[in-house]
Amino acid sequence: LVSGYSLSHLLVMIAFMLPPALVAMFSQPYRVKRVFSFLFPALDPTGMSYQVSTSLQAIRTGGLFGLGLGKGTFKLGLLPEVQSDFIFASVCEEIGFVGSSFFILLFVLFGVLGYLGAQRILEKNRFLSLGAFGLTSMVLFQAVLNLMVVTALLPPTGIPLPFFSQGGTNLFVALVGCSFIYRVLRINAGTVVIKHQEDSSWRYS
């Protein structure tokens with residue numbers, strides 16, 4: 091949409107992709123079980139639903155201000171994959187609602203800076219603008235999916251939390267994206283400085 095792609099074309103493409111996606115989802119028993127365990131967690135509390143249920147318990151344990159850094163207990167084997175997909179649950183347990191809200195605000199700030207930088211350079215360099223927009227969306231999309239899984243708004247997807255989950259490849263890709271976005275922001279800043287200098291020299295000449 092940012093690049094000028096037609097919304098109607100996008101909706102048609104989604105409509106064509108949806109039926110095969112549903113067929114693929116219900117063609118394997120383990121996928122069906124995962125969906126039903128997400129919709130009805132009480133049916134399998136110690137099986138497929140255990141991870142998400144334990145994640146919610148860790149978040150509740152943190153309360154408003156948390157137990158303190160390093161004092162969480164769910165990371166000691168109680169919550170599977172706490173070092174990667176469910177690291178946010180451990181964060182909530184240790185720093186609470188207040189700390190985790192600040193944690194989420196960091197991603198919001200990242201998105202605001204990335205999108206503003208992409209929008210400001212759109213007329214001057216369309217390639218850099220679309221690249222910055224895409225990389226910002228990639229990081230935010232992963233973060234939103236991960237947070238929704240941890241808070242039981244989506245079934246587990248296996249997508250890590252950018253910058254924080256264990257895994258060198260995920261961190262490397264996120265940092266490369268950040269370096270690209272930072273370059274775009276620097277270009278914006280340089281353009282503003284040059285324009286200001288040109289305006290000043292014209293004014294006093």
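With the first letter of the sequence shown counted as 1, position 200 gets the number 290 in our numbering; the numbers rise by one all the way through. Note that CB positions come from ideal geometry on N, CA and C, so glycine has one too. In this text the structure is predicted, and so the values were computed from the model without any measurement.
Counting every other CB atom within 10 Å of its CB across the protein chains shown gives residue 250 a total of 16 or more, marking it as buried. About 34 Å separates the Cβ atoms of residue 142 and residue 208, ruling out a contact at the 8 Å cut-off. Residue environment for residue 119: exposed (fewer than 16 other C-beta atoms within 10 angstroms of its C-beta).
Bounds of the alpha helix (DSSP H) holding residue 232 are 216-240. For residue 193, same chain residues with a beta-carbon under 8 Å away, outside a window of 5 residues either side, are 178, 181 and 185 in chain order. In the DSSP assignment, residue 200 falls within the unbroken alpha helix (DSSP H) covering 177-210. In the three-state reduction of the DSSP assignment, residue 141 falls in the helix class.
The segment 230-237 makes contact with the segment 249-263; the number of CB pairs closer than 8 Å reaches 3 or more. When the beta-carbon positions are compared, residue 239 and residue 264 stay at least 9 Å from each other. The Cβ atoms of residue 219 and residue 172 do not sit closer than 9 Å to each other.
In its chain, beyond the 5 residues on either side, 270 have a beta carbon closer than 7 Å to the beta carbon of residue 221. When DSSP states are grouped into helix, strand and coil, residue 249 belongs to the coil group.
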